[in-house]
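Trainee:
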Amino acid sequence: MRRQPRPPLSGVSFPSPATLGRRALSSRRNRTRNRTQQHVVNHSQIHTRTRNNSNSRLIAAAQQRPSASSSARFYSALSSLIESTAKESRDNIIMAAQSCPVPWARIKLWIEAQEKAEKQGNPLTKPQLQALSHLVSFVEGPEPDISAQDHVSLLTQHIQFHHKKDASSHLPIYEDVGLEVPISGNFHWRWRTTCSLPSASHMIFPCEGHGVSQGQQPPLFATKKASKQYAAMHALAYLRAMRPPPAAIIAPAPSPASNRVSGGVSLKSATPAVSKSPKASDSSLAMPTGDAGGAPLAPPLPSAEITAQDKPTPAVEPQGASATADGEFYTGDMPSLLEQVAEGAKRLNFGVPKYEIVEDPNKPGSFNGKPIFVNGGRMPDDIGHVTGAMSKSVARQLIAEQLNEYFTAELKQRDDIFRSFTATPVKNLTS
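Using the UniProt record's numbering, the first residue of the sequence shown is number 1, and each one after it goes up by one.
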């Protein structure tokens, strides 16, 4: 059903369609123009802000970083100022030295006054000593050389070797003395150690002639250890100088190898010349067969009775630097103690001994030892057994000493027996 148009209102006029069209078009144009202008304004503002920020950063960087020319001028001015100040200071020093001479006379009087005050018990103060240490040295020369040896241990071994029964009462007594010495304006501790020897009438080392020059003071050391080694070194040198050099063990010279007649049987000397070469025969003491009726002379059994005059001198003390090397026992051209023991063992057909040394389980720090032979069946059981040695080196030395003494007595006894067969009867001149 078609709708009927509304009736017109009375007194109201409406624009025509053409007018409405023109108004709508004009309104759209205005809105478009306004948007364009607003966009241009916004873009301009953004560009302006960006440019302003960039300029601000450049200006700030320029302000923070001075130009190369201004930096060069600054350092040049600073260098000139330093140079002028140094020159002015030198000039002032020269002028002061020229205008103010050193009062040597007053300095000498001050030294004399301080010497008198020190004798009266008023020494210099620490600031005065520190000031003087910049001018003179309070230490007399460098520290003496003590080498790389352990002189303290060597001294103890030496005393124990020569005083086996009462070694503890003969051990050295050390005393450390610390001094504050000013060195280059500061105080440092320096040490001086003395070593007293009960076995030498409590003689104290170092002393004049033994580590100290005439009119001088004992040297100072930066450590207690070095100071103690220095004292022990001179004490050991003194004890060694008081002992005679060791004597090599040489068997008595054999009788001439001439044929002699004893009871109708021609006999020859059975003792060859003693050779120091380690290649000597192990059976050099055997009696040759043939001239003695085909019956070889057997070596005599070890005798338990040895007279005092047949007893050899005791073995000597260690003389070397090493605490374990064979050179400790002897030095020089003579055979060492271990070499003499090895040579005697081979001549007696025992074989070169080995030294078995173990720590005493009941006395930590002490060592027990004994020799081991390949052919030691005829050796007395207690020969070479030591207990309570202070070190393995001392134990080895004591074992070698006992073996050396026993071998010397055995070789002498055998030589006496051989000589009894080759001795020429002495005629009685009084008959």
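Cβ atoms here follow ideal geometry from the backbone N, Cα and C, with glycine treated the same way.
Which one or two residues does DSSP pair with residue 436 in a beta bridge?
Mentor: Outside the modelled stretch of the chain, which goes from 1 to 431, sits residue 436, for which no answer is possible.
Trainee: In the DSSP assignment, what residue or residues form a beta bridge with residue 434?
Mentor: An answer regarding residue 434 cannot be provided, because it is not within the stretch 1 to 431 covered by the chain.
Trainee: Under three-state DSSP, which class holds Gln413?
Mentor: Reduced to three states, the DSSP call for Gln413 is helix.
Trainee: Give me the Cα-Cα distance between Ser133 and Lys228, rounded to the nearest whole angstrom.
Mentor: Their Cα atoms are separated by approximately 26 angstroms.
Trainee: Could you pull the DSSP bridge partners for Glu356 from this structure?
Mentor: DSSP lists Lys370 as partners of Glu356.
Trainee: Among Pro127, Leu411, Lys119 and His385, whose alpha-carbon lies nearest the alpha-carbon of Ser184?
Mentor: Ranking Pro127, Leu411, Lys119 and His385 by Cα distance to Ser184 puts Pro127 first.
Trainee: What are the residues that DSSP puts in a beta bridge with Ser336?
Mentor: Paired residue(s): none; Ser336 is not in a bridge.
Trainee: From Ile82 to Ser71, what does the alpha carbon distance come to, in whole angstroms?
Mentor: When rounded, the distance between both Cα atoms is 17 angstroms.
Trainee: For Ala237 and His151, I'd like the C-alpha separation in whole angstroms.
Mentor: Their Cα atoms are separated by approximately 10 angstroms.
Trainee: Helix, strand or coil: how does DSSP classify Thr331 here?
Mentor: Here Thr331 scores only 40 on pLDDT, less than 50, and its place in the model should not be relied on; the value that follows carries that caveat. Here Thr331 sits in coil by DSSP.
Trainee: Out of Asn362, Thr194 and Ala342, which one is the CA nearest neighbour of Pro371?
Mentor: Considering only alpha carbons, the answer is Ala342.
Trainee: So, do the segment 141-151 and the segment 209-229 have three or more beta carbon pairs nearer to each other than 8 angstroms?
Mentor: Yes, the segment 141-151 touches the segment 209-229.
Trainee: Can you tell which of Trp189, Lys346, Lys224 and Asn362 has the C-alpha that lies nearest to the C-alpha of Asn375?
Mentor: The option with the nearest alpha carbon to Asn375 is Lys346.
Trainee: How about the segment 382-397 and the segment 357-371: do they share at least three Cβ pairs that are nearer than 8 angstroms?
Mentor: A contact exists between the segment 382-397 and the segment 357-371.
Trainee: In angstroms with no decimal places, state the Cα-to-Cα distance between Lys119 and Thr194.
Mentor: Lys119 and Thr194: Cα-Cα distance of roughly 25 angstroms.
Trainee: Measuring alpha carbon to alpha carbon, tell me which residue in His170, Trp191, Ala105 and Leu20 is nearest Met203.
Mentor: Residue His170 is the option with its Cα nearest to Met203.
Trainee: How would you call Val177, buried or exposed, if buried means at least 16 neighbouring beta carbons within 10 angstroms?
Mentor: With fewer than 16 other Cβ atoms within 10 Å, it is exposed.
Trainee: Would Ser336 be called buried (16 or more neighbouring beta carbons within 10 Å of its own) or exposed?
Mentor: Buried: at least 16 other Cβ atoms inside 10 Å.
Trainee: Could you name the residues of the same chain whose beta carbon sits closer than 6 angstroms to that of Leu129, not counting the 5 residues immediately before and after it, in chain order?
Mentor: Once the five neighbours on either side are set aside, the close Cβ partners of Leu129 are Pro182.
Trainee: Confirm, please, whether the CB-CB distance from Met233 to Ser147 is below 9 angstroms.
Mentor: Yes, they are a contact pair.
Trainee: With DSSP as the reference, identify every bridge partner of Leu81, one or two as the case may be.
Mentor: Note: Leu81 sits in no beta bridge, so no partner.
Trainee: Please go through the same chain and pick out, in chain order, the residues whose beta-carbon is closer than 6 angstroms to the beta-carbon of Gly290, but skip the five residues on each side of it.
Mentor: Because the pLDDT of Gly290 is 41, which lies under 50, any placement of that residue in the model is unreliable, and the number read from its coordinates should be weighed accordingly. Counting only Cβ-Cβ distances below 6 angstroms, and skipping sequence neighbours, we find nothing.
Trainee: Under 9 angstroms between the Cβ atoms of Phe161 and Gln413?
Mentor: For Phe161 and Gln413, no; Cβs fall outside 9 angstroms.
Trainee: Rounded to the nearest angstrom, how far is the Cβ of Ala400 from that of Leu338, given a contact under 8 angstroms?
Mentor: Right, their Cβ atoms sit about 6 angstroms apart.
Trainee: Could you work out which residue in Gln37, Phe350 and Glu356 is closest to residue 434 when comparing CA atoms only?
Mentor: Shown here, the chain extends from 1 to 431; a query on residue 434 therefore has no answer.
Trainee: With a CB to CB cut of under 6 angstroms and the five nearest residues on each side skipped, what residues in its chain are close to Lys87?
Mentor: Here the set comprises nothing.
Trainee: Mind checking who Ala389 pairs with in its DSSP beta bridge?
Mentor: For Ala389, which the question treats as bridged, DSSP gives the partners Phe367.
Trainee: Would you list the residues sitting across from Val100 in a DSSP beta bridge?
Mentor: At residue 100 the sequence reads Cys, which differs from the Val that was named. Paired residues: none, contrary to the question.
Trainee: Which of the three DSSP states is assigned to Phe138 in this structure?
Mentor: Residue state, collapsed to three classes: coil.
Trainee: Using the three-state DSSP reduction, which class does Ile146 fall into: helix, strand or coil?
Mentor: Here Ile146 sits in coil by DSSP.
Trainee: Can you name, in chain order, every residue of its own chain whose Cβ lies under 8 angstroms from the Cβ of Val358, other than the five neighbours on each side?
Mentor: For Val358, where only same-chain residues beyond five positions count, the Cβ hits under 8 angstroms are Phe367, Asn368 and Gly369.
Trainee: Indicate whether at least one CB of chain D lies closer than 9 angstroms to the CB of Thr36.
Mentor: In the displayed structure, chain D is absent; only one protein chain is listed.
Trainee: Can we count Gly185 as close to the ligand GTP, meaning its CB is less than 8 angstroms from some heavy atom?
Mentor: The ligand GTP is absent from the structure shown, which contains no ligands of any kind.
Trainee: Residues in its own chain within less than 6 angstroms of Pro380 by CB, not counting five upstream and five downstream?
Mentor: Nothing listed; no residue qualifies.
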